[in-house]
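Protein chains: 2
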Amino acid sequence: MTAPPPSPITSLANPRVKAAARLRERRAREASGLTLVDGARELLHALDGGIAVEESFVCRDLVRTADAAAALEQLESAGVRVMEVSPAVLGKVAFGDRSDGLVTVVRAPARGLSDLAPPPGALIVVVEAVEKPGNLGAILRTADGAGADALVAADPLTDLFNPNAIRASLGTIFRLPVASATSAATIDWLVDQAIRPIAARVDAPVAYTQIDLRGPIAIVLGSEATGLSAAWDDPRVTPVRIPMHGAADSLNVSAAAAVLLYEAVRQRA
Amino acid sequence: MTAPPPSPITSLANPRVKAAARLRERRAREASGLTLVDGARELLHALDGGIAVEESFVCRDLVRTADAAAALEQLESAGVRVMEVSPAVLGKVAFGDRSDGLVTVVRAPARGLSDLAPPPGALIVVVEAVEKPGNLGAILRTADGAGADALVAADPLTDLFNPNAIRASLGTIFRLPVASATSAATIDWLVDQAIRPIAARVDAPVAYTQIDLRGPIAIVLGSEATGLSAAWDDPRVTPVRIPMHGAADSLNVSAAAAVLLYEAVRQRA
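These protein sequences, in sequence, are chains A and B. In terms of our numbering, the first sequence is residues 97 to 365. In terms of our numbering, the second sequence is residues 97 to 365.
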């Protein structure tokens, strides 16, 4: 029922292509409030999460998976502007080789703590000073798997809706409420909400398995480079240790998140 | 007591520099049996693990951490050839910005299953068809933390001693026995050693927390893209599921490894 697509955009100098490609830079994302979604699964999660879509670039010759076809159909039936582009143009706006034939410009949902509405018995994840988008995305994916209710990025060093974070999260970043705030405000908010902060620290006296992780809790993780800041050295925060039995003295932050979140899931089952 | 260092190598065309830089390519690593260690912590683990060191490139102006100074001292007292180089030359052999001022050529310890000697009650990790060196390294770091006795890469798609795997492992790859083999040979070897293979599968009927993970076991993880191959669809292998409570249907392979390994640690405590 739709009209045949117009001839594809082949010029890398096309103004819309250039504007989208600029969203690969953090500054352009922060100035516009927009970001890029590479990949079909990621886009399907964004659409299911009710994210506002601005426009999409598609190279139909590269749309080969059922997910990609489904995502394209949803975009078209929602009346989104879908521009056919050449493979080279798609490559200019895509971040990697996993775009599934379509790259989409969406509005990044900026949220603060006051936008979160944790349910009774909430399971929250707090990541402080996260720097690598891939780590943030991996933690989001695990938080989604564990059924967490929200993720708070405390004093983040990356923008949350960095396209690499979106991809590493497999698009779960659009399904799980995500907010950013200062560490101090995050602690106060958790305490106000009667959510117990449980913070991973290599020097904590108690192992994570010895703590009751039922009821409303937040699993708090420090940055890979420097651990948690002094803000979390607070009597309202319970430090826990992940036992280390080898040569290294800590786990990767996303591995630590997985261990703690799934122990919470196990205890709550 | 040592003689003052000779003038640094500044030429990117220096034959030793070129030979070392070629080790950034898998083909050159496999032809020579050598690999590159970036970073001081990684090198300290290699030295502690008794790895044979060929030579090292150092830019003393960039040696700023205690770990880097300690590693350099150990190299020198072991009589390793340490070549002073300019920052540009170091950048040519280094993989990233985390070299700590020294990049070292070491012999990759090639091991097969027959080189492994699992202790009674062994905890083994098997990763099939791992493709991303960063994932392999992250799993190694977690396996080290969990006190695993060995890691077997079954039908790997990356070389185990890829410099990025070394770095993501924080050097624990030199502390934990690592072998590669086919998947079929790995299953036979595990059964011969009376080690129960426990394989993560999204469609397994039983959750991992419902299985006894004490005694000699192997945690088996499939590739991110395609999961486990048909070889593991074997009555001698116990499939287990990690419960998924969100939008995505699986965890990242290194997150899955963390969840399963630390549940084994918890049950064994």
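Virtual Cβ for every residue (Gly too), placed ideally from N, Cα, C.
Taking residue i as the reference, which of the options has the closest Cα?
i: R364 of chain A; options: A:P205, A:G175, A:V178 and A:A242; result: A:A242
i: V333 of chain A; options: A:D144, A:I283 and A:K188; result: A:I283
i: V298 of chain A; options: A:G175, A:A277, A:P339 and A:A142; result: A:P339
i: R292 of chain A; options: A:N258, A:T268, A:A326 and A:P335; result: A:P335
i: N258 of chain B; options: B:A280, B:A109, B:P111 and B:G129; result: B:G129
i: E138 of chain B; options: B:A249, B:A296 and B:A167; result: B:A167
i: S279 of chain A; options: A:R271, A:V222, A:D245 and A:H141; result: A:V222
i: N348 of chain A; options: B:L236, B:T131 and B:P301; result: B:L236
i: I220 of chain A; options: A:L253, A:D330, A:I315 and A:A109; result: A:I315
i: G342 of chain A; options: B:F270, B:R337 and B:V287; result: B:F270
i: V201 of chain B; options: B:A296, B:A213 and B:E151; result: B:E151
i: D163 of chain B; options: B:G175, B:H141, B:A184 and B:S173; result: B:H141
i: L212 of chain B; options: B:L272, B:V159, B:P252 and B:V361; result: B:L272
i: K114 of chain B; options: B:A184, B:T161, B:R160 and B:V149; result: B:A184
i: A148 of chain B; options: B:A124, B:R177 and B:E320; result: B:R177
i: A249 of chain B; options: B:A277, B:R263 and B:L108; result: B:A277
i: E359 of chain A; options: A:G318, A:L309 and A:L132; result: A:L309
i: L247 of chain A; options: A:V274, A:A326, A:L253 and A:R337; result: A:V274
i: S57 of chain A; options: A:W285, A:D251 and A:G318; result: Since the first and last residues shown for chain A are 97 and 365, residue 57 of chain A lies out of range.
i: V287 of chain A; options: A:D330, A:V361 and A:L324; result: A:D330
i: I371 of chain A; options: A:W328, A:E320, A:A281 and A:R263; result: Past the edges of chain A, shown from 97 to 365, lies residue 371 of chain A, and the structure says nothing about it.
i: R263 of chain B; options: B:R125, B:L132 and B:P111; result: B:L132
i: P111 of chain B; options: B:D157, B:M179, B:G175 and B:A136; result: B:M179
Identify, in the order they occur along the chain, each residue of the same chain with its Cβ nearer than 6 Å to the Cβ of residue i, setting aside the five sequence neighbours on each side.
i: A190 of chain B; result: D134 and V199
i: L143 of chain B; result: Q170
i: V181 of chain B; result: P104, I105, F153 and C155
i: S265 of chain A; result: G233, L236 and R237
i: L253 of chain A; result: A225 and E227
i: V361 of chain B; result: A242
i: A261 of chain B; result: P229, L232 and G233
Can you say whether residue i is buried or exposed, counting buried as having 16 or more other CB atoms within 10 angstroms of its CB?
i: V226 of chain B; result: buried
i: P215 of chain A; result: exposed
i: E169 of chain A; result: exposed
i: D196 of chain A; result: buried
i: T106 of chain B; result: exposed
i: D255 of chain A; result: buried
i: P205 of chain B; result: buried
i: S346 of chain B; result: buried
i: T322 of chain B; result: exposed
i: R160 of chain B; result: exposed
i: S173 of chain A; result: exposed
i: D245 of chain B; result: buried
i: I109 of chain B; result: It is Ala, not Ile, that sits at residue 109 of chain B in the sequence shown. A109 of chain B is exposed by the Cβ-count criterion.
i: A326 of chain B; result: exposed
i: A127 of chain B; result: exposed
i: R51 of chain A; result: What the structure shows of chain A is the stretch from 97 to 365, and residue 51 of chain A is not part of that stretch, so it cannot be assessed.
i: G394 of chain A; result: Since the first residue shown for chain A is 97 and the last is 365, residue 394 of chain A is missing from the structure and cannot be characterised.
Please return the same chain residues whose Cβ sits closer than 7 Å to the Cβ of residue i, not counting the five positions on each side in sequence.
i: T238 of chain B; result: S350, A353, A354 and L357
i: T268 of chain A; result: H141, L236, R237 and D240
i: R123 of chain A; result: none
i: A165 of chain A; result: V159
i: G145 of chain B; result: F270 and R271
i: R203 of chain A; result: G129, L130, I147, A148 and E150
i: D251 of chain A; result: E224, A225, T278 and S279
Interface residues of chain A around residue i at Cβ under 9 Å?
i: A354 of chain B; result: T238, L347, N348, S350, A351, A352, A353, A354, V355 and Y358
Under 9 Å Cβ-Cβ, which residues of chain B neighbour residue i?
i: G243 of chain A; result: P339, M340, H341 and G342
i: T278 of chain A; result: Within 9 Å Cβ-Cβ: nothing; T278 of chain A doesn't reach chain B, min ~27 Å.
i: R271 of chain A; result: G342, A343 and A344
Sorry if obvious, but does the Cβ on residue i come closer than 7 Å to a heavy atom of the ligand SAM?
i: I283 of chain A; result: Absence of the ligand SAM is noted for the structure shown, with no ligands found whatsoever.
In chain B, which residues lie less than 8 Å from residue i when you measure between Cβ atoms?
i: L266 of chain A; result: A344
i: A234 of chain A; result: N348, S350 and A351
If the cut is a Cβ gap below 8 Å, which residues of chain A does residue i touch?
i: V361 of chain B; result: P339 and H341
i: T305 of chain B; result: R362 and A365
Could you list which residues in chain A have their beta carbon closer than 7 Å to that of residue i, in chain order?
i: A190 of chain B; result: None at all; the shortest Cβ gap to chain A is about 18 Å.
Starting from the C-beta of residue i, find all residues in its chain whose C-beta is less than 8 Å away, skip the five residues before and the five after it, and write them out in chain order.
i: Q289 of chain A; result: P214, A218 and P312
i: R337 of chain A; result: A296, R297, V298, D299, A300, P301, V302, A303 and Y304
i: R207 of chain A; result: P273, V274, A275 and S276
(message) Would the region 103-121 of chain A count as touching the region 177-192 of chain A if we require 3 or more Cβ pairs under 8 Å?
(response) yes
(message) Can you confirm whether the region 303-316 of chain A touches the region 228-238 of chain A when touching is taken to mean that 3 or more C-beta pairs between the two stretches lie within less than 8 Å?
(response) no
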